[in-house]
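Accompanying notes for the structure given below.
Chains as they are written, first to last, in the numbering used here: chain A, 1 to 216; chain B, 1001 to 1216.
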């Protein structure tokens, strides 16, 4: 029993070390450019098949990284949804979308690679779909989507889809750029993740409410 | 004389082949991940120092790729500035910024790697600064910047800087994502580069005009 518990602890520590190594490598080089073997090596695993053994395919590994960050984001989003319950302000819906992410990134500190990892994932459409489908299936994201549907202006399908793409890109790439600057010790437009989150909510509200030019 | 002209033609053809090979490799793998030697090889150059011989450093090569695309973009921007001369509409200033790029990308067709190249460049702050400084120094961009200064709402410095970063990221990454989708034959929100350009102008106008939350 005791022996089995020790092995289990080591197993979960190994998983954590692999996830951290993989997130950093994917963030630096892109998901496609990094092999499971390189992740195993960077995680100090003597066995080159450690990633396969613990996680399965590379897609499984990417999803495991996303799932590792999900609970604190989910918890913050639940709290924010409760706070803004019944609000008719688009800004409040956007806050539920954005602030749980920027607050989570703030909590990770300057050693984080998570925003840059997400920026790499979003450049691979198939991988992004996998992560997106996983993320929007969470209870808090299902609720946030419902709130959003209610608060958005009426837009043609293509404008809606386009602005959803733009929103994802602004959130992901602004966070990645901020994370990169904090890591390098270079200046950022905003003094804190909190201010950066507010700036995103402000700008996205303008983007979604912008009049659109009807298709010719 | 004849012999020297032939050599010159070959030299400029070699430069073109190297630029095309470099742009594709940088777009696919990131600028940092690709060596001058790999570019020389992909360009079919027997001499591994062909890039160094023709362009100098890797930064020089990146700038040469940007300069190769500059004249048609510059020409379209001059035309657009003439068209909107004296306008007081922020949308018209944004059109001068965005549409020369989307029209240029349309003219390149689905074999283009340019938008994805720019997306890779923008993830490297030092490299981006180099490209940015080169780009904003052109006569049409100096004029566009002046128009912009006149049309923008009054914003605190950090909000202005943040929204400039957001604008760059939306333009670069929406174009890169569209180029990638056209290349792969997968769906895009908009049916044409023209419509994508209009969508960017609409959304950016909203983003810039959005009310901002004053800093605490």
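We treat Cβ as the ideally placed atom computed from N, Cα and C, and that holds for glycine. Here the structure is a predicted model, which means the values were calculated and not measured.
In terms of beta-carbon proximity, residue 1099 (chain B) stays away from the interface with chain A, with every pair separated by 8 Å or more. Sorting B:1011, B:1177 and B:1114 by C-alpha distance to the C-alpha of residue 128 (chain A) places B:1177 at the top. Cβ neighbours of residue 30 (chain A) within its own chain (closer than 6 Å, five residues either side excluded): 120. In this structure, residue 1118 (chain B) sits away from residue 1062 (chain B), with a CB-CB distance that is not shorter than 8 Å. In the three-state reduction of the DSSP assignment, residue 40 (chain A) falls in the helix class. At a cut-off of 8 Å between beta-carbon atoms, residue 158 (chain A) makes contact with chain B. Remark: C-beta atoms of residue 1136 (chain B) and residue 1122 (chain B) do not approach each other more closely than 8 Å. Note on geometry: alpha-carbon atoms of residue 56 (chain A) and residue 18 (chain A) lie some 12 Å from one another. Inter-residue distance for residue 1041 (chain B) and residue 85 (chain A) is about 60 Å (C-alpha atoms, whole angstroms). Listed by position along chain B, the residues whose Cβ is nearer than 8 Å to that of residue 170 (chain A) are 1166, 1169 and 1170. Every unbroken stretch of the alpha helix (DSSP H) spanning 4 or more residues and falling wholly within the segment 143–187 of chain A is given here in chain order: 157–184. Going by beta carbons, residue 143 (chain A) and residue 94 (chain A) fall outside the 8 Å limit.
The three-state secondary structure of residue 1031 (chain B), taken from DSSP, is coil. Proximity of residue 135 (chain A) to chain B, defined by a Cβ-Cβ separation below 8 Å, is not satisfied.
Against chain B, the beta carbon of residue 173 (chain A) has neighbours under 7 Å at 1169 and 1173, listed in chain order. In the structure shown, residue 123 (chain A) falls within a coil segment according to DSSP collapsed to helix, strand and coil.
Setting aside the 5 residues that flank it on each side, residue 190 (chain A) is surrounded in the same chain by 178, 196 and 199, each with a C-beta closer than 8 Å to its C-beta; the list follows chain order. Annotation for residue 58 (chain A): the continuous alpha helix (DSSP H) segment containing it runs 58–83. Secondary structure at residue 102 (chain A): helix, using DSSP grouped into helix, strand and coil.
The C-beta distance from residue 65 (chain A) to residue 33 (chain A) rounds to 16 Å, too long to meet the 8 Å contact threshold. Taking a beta-carbon distance threshold of 8 Å, residue 1029 (chain B) counts as an interface residue toward chain A.
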